[in-house]
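**Student:** Before I ask anything, let me first share the structure, which is written out below as structure tokens.
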Amino acid sequence: MYPLIRTSLLSILLFGSTYLYSQLIANGRYLSVSNHVLHAYSEIPSTELVGKARDIIATTRQRALLYERLIESSHLIDGMVVNRGASGEMLDQCDSLLFSSIRYVSLAKLSWLDEASKAWAAIESSKDRDAWLRHPRCYRSISRDMLLGLLIAMTRSPPRFEQHLSQLMFMIHQNNGFFGTGPVYVSYLSPGLARLMRGFAKRDLRIAPKIPDLIAAGYSTAEIEVLLNPAGYTSHLGGLTAWLEMELNDQGLHLGDSRLSFLGAADSLVAPFGKFSLTDQRLEWITDRLMKADQQNLFFRYLRFRSVGGLSNTVRLKLLNELITMRQFPADRLPMDCDRHSDYLWQRANKSANYDPIPCQIEFSGVDFLWMAALLLEGLDSSSLTSH
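My numbering numbers the first residue of the sequence shown as 4 and each following residue consecutively.
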């Protein structure tokens with residue numbers, strides 16, 4: 004069964020890689036021009052926004068703090084994030100590992116270290132022996148998006164993460180590529196996740212020599228994923244993968260691809276016909292495609308600017324101002340289903356706004372606000388803005 008599955012996957016990837024490269028050749032010049040435009044835009048000051056910089060930053064931090072306090076008071080079950088129904092019942096606990104991990108990273112980036120420490124401890128507690136759970140009260144098998152969330156949490160190098168990573172790799176090796184009990188499309192390790200795990204493992208000299216072959220052979224599939232699904236939930240996972248790779252790059256961990264990468268093979272075949280290699284354009288092409296597919300998605304726009312080194316103070320301030328003025332993030336309470344359709348905006352197209360009045364019945368955790376606030380406030384030099 005497994006050889007047939009692997010052959011099918013490789014055939015799909017080969018076809019997708021060839022089509023992807025035809026797109027890259029055609030769009031190479033466009034990306035180069037687009038990158039220059041974004042750089043130029045990032046350097047254009049906004050006198051109006053700079054004058055309001057202190058207020059924008061203070062409002063963002065105050066709202067993030069309000070949301071975090073409300074999360075702590077009513078949206079944590081066993082320390083992990085859930086939504087709440089009209090009668091206060093727990094909802095969406097089976098998505099908790101991903102969103103609890105995003106909350107943990109957000110808290111750490113906001114320098115709320117006590118809260119971050121508790122958030123990581125709760126994530127650790129969701130582990131049952133060697134198996135990671137979506138939530139202690141969810142009995143469905145872990146899936147690829149939940150595993151991606153766990154890797155996102157590991158970018159902060161939390162306590163004992165090397166031990167957890169080593170045990171996870173050994174378990175995957177013992178189970179022939181499965182990290183959960185679900186079907187292949189849910190709980191079988193994808194080449195893209197294997198590549199990310201290999202990147203983490205290589206930085207620890209105790210783990211690096213023990214990387215299983217399946218993980219050592221990982222390669223990027225994000226290009227194919229965003230090519231086939233440029234908008235919606237799958238694209239959000241592609242965006243998180245791009246974010247994770249850029250985060251590791253900033254930490255000095257450049258992932259690379261294995262010798263089995265079809266994208267690498269295609270690169271050598273089409274190199275004479277293209278001005279730029281895929282290695283030079285990967286993240287720029289991924290984030291550009293995501294942003295064009297959903298131009299209102301603040302996370303995708305952040306990723307696009309970050310991919311070209313264009314996250315200037317001015318850009319961060321502009322995006323922050325947009326964040327705090329979005330009606331989907333109320334100033335005095337957590338968001339509800341009467342504010343928007345989705346519990347997490349950046350995974351749905353067009354901001355998931357509700358424009359038709361409906362009763363407020365479900366209260367969301369607001370982790371999506373914490374995430375963007377943390378990413379945009381990180382490294383923001385408010386003194387240079389206010390003294391400009």
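Cβ atoms here follow ideal geometry from the backbone N, Cα and C, with glycine treated the same way.
(1) Quick one: is Ser190 buried, meaning 16 or more other Cβ sit within 10 Å of its Cβ, or exposed?
(2) Measuring CB to CB, does Leu301 end up less than 9 angstroms from Glu248?
(3) Are three or more beta carbon pairs between the region 215–228 and the region 324–344 nearer than 8 angstroms?
(4) Name the one or two DSSP bridge partners that Ile80 has.
(5) Kindly list the residues whose CB is nearer than 6 angstroms to the CB of Leu314, restricted to its own chain and excluding five residues on each side of it in sequence; keep chain order.
(6) Which residues bound the alpha helix (DSSP H) around Ser190?
(7) The alpha helix (DSSP H) with Glu381 in it runs from where to where?
(8) What are the residues that DSSP puts in a beta bridge with Arg309?
(9) When we look at the beta-carbon of Gln284 and count the other beta-carbons within 10 Å, is it buried (16 or more) or exposed?
(10) Within its chain, find whatever has a CB closer than 6 angstroms to the CB of Arg304; leave out the 5 residues flanking it on each side and keep chain order.
(11) Straight-line CA distance for Pro275 to Leu348?
(12) Across which residues does DSSP place Asp131 in a beta bridge pair?
(13) Give a yes or no on contact between the region 168–177 and the region 110–128, applying the rule of three or more CB pairs nearer than 8 angstroms.
(14) Which residue marks the beginning of the alpha helix (DSSP H) containing Thr50, and which one marks its end?
(15) Nearest to Phe367 by alpha carbon, out of Asp131, Ser169, Val229, Glu71?
(16) I need the straight-line Cα distance from Thr244 to Leu151, nearest angstrom please.
(17) Can you say whether Tyr236 is buried or exposed, counting buried as having 16 or more other CB atoms within 10 angstroms of its CB?
(18) Which word fits Val64, buried or exposed, when buried means at least 16 other C-beta atoms lie within 10 angstroms of its C-beta?
**Tutor:** So, to answer that:
(1) Residue numbering aside, residue 190 sits at position 187 when the sequence shown is read from its first letter. Burial of Ser190 is indicated by the presence of at least 16 other C-beta atoms within 10 angstroms of its C-beta.
(2) Counting from one through the sequence shown, the residue named residue 301 turns up at place 298. Counting from one through the sequence shown, the residue named residue 248 turns up at place 245. Not closer than 9 angstroms, so no.
(3) no
(4) Along the sequence shown, one-based indexing puts residue 80 at 77. Met83.
(5) As a working note, residue 314 is residue 311 in the sequence shown. Phe308, listed in sequence order.
(6) Position 187 of the sequence shown holds residue 190. That run of the alpha helix (DSSP H) goes 187–190.
(7) Reading the sequence shown from its first residue, position 378 is the one you call residue 381. Unbroken run through Glu381: none, as it is neither H nor E.
(8) Here the question's residue 309 lines up with position 306 in the sequence shown. DSSP output for Arg309 lists no bridge partner at all.
(9) Walking along the sequence shown from the start, residue 284 turns up at place 281. Classification of Gln284: buried, given that the 10 Å Cβ count is 16 or more.
(10) Mapped onto the sequence shown, residue 304 falls at position 301. Correct list, in chain order: Met294.
(11) As a working mapping, residue 275 is identified with position 272 in the sequence shown. As a working mapping, residue 348 is identified with position 345 in the sequence shown. A caution first: Pro275 carries a pLDDT of 49, below 50, which makes its placement in the model unreliable, though a value can still be read off. Taken atom to atom, the span from the alpha-carbon of Pro275 to that of Leu348 is near 41 angstroms.
(12) As a position in the sequence shown, residue 131 is number 128, starting the count at 1. Ala134, per the DSSP bridge assignment.
(13) no
(14) Sequence index remark: in the sequence shown, residue 50 carries index 47 (1-based). Run containing Thr50: 50–54, per the alpha helix (DSSP H) assignment.
(15) The residue given as residue 367 occupies position 364 in the sequence shown. That would be Glu71, whose Cα lies nearest to the Cα of Phe367.
(16) Mapped onto the sequence shown, residue 244 falls at position 241. Mapped onto the sequence shown, residue 151 falls at position 148. Approximately 8 angstroms between the Cα atoms of the pair.
(17) Counting from one through the sequence shown, the residue named residue 236 turns up at place 233. By the 10 Å Cβ count, Tyr236 comes out exposed.
(18) Translated into the one-based positions of the sequence shown, residue 64 becomes position 61. It is Arg, not Val, that sits at residue 64 in the sequence shown. Arg64 counts as exposed, since fewer than 16 other beta carbons sit within 10 angstroms of its beta carbon.
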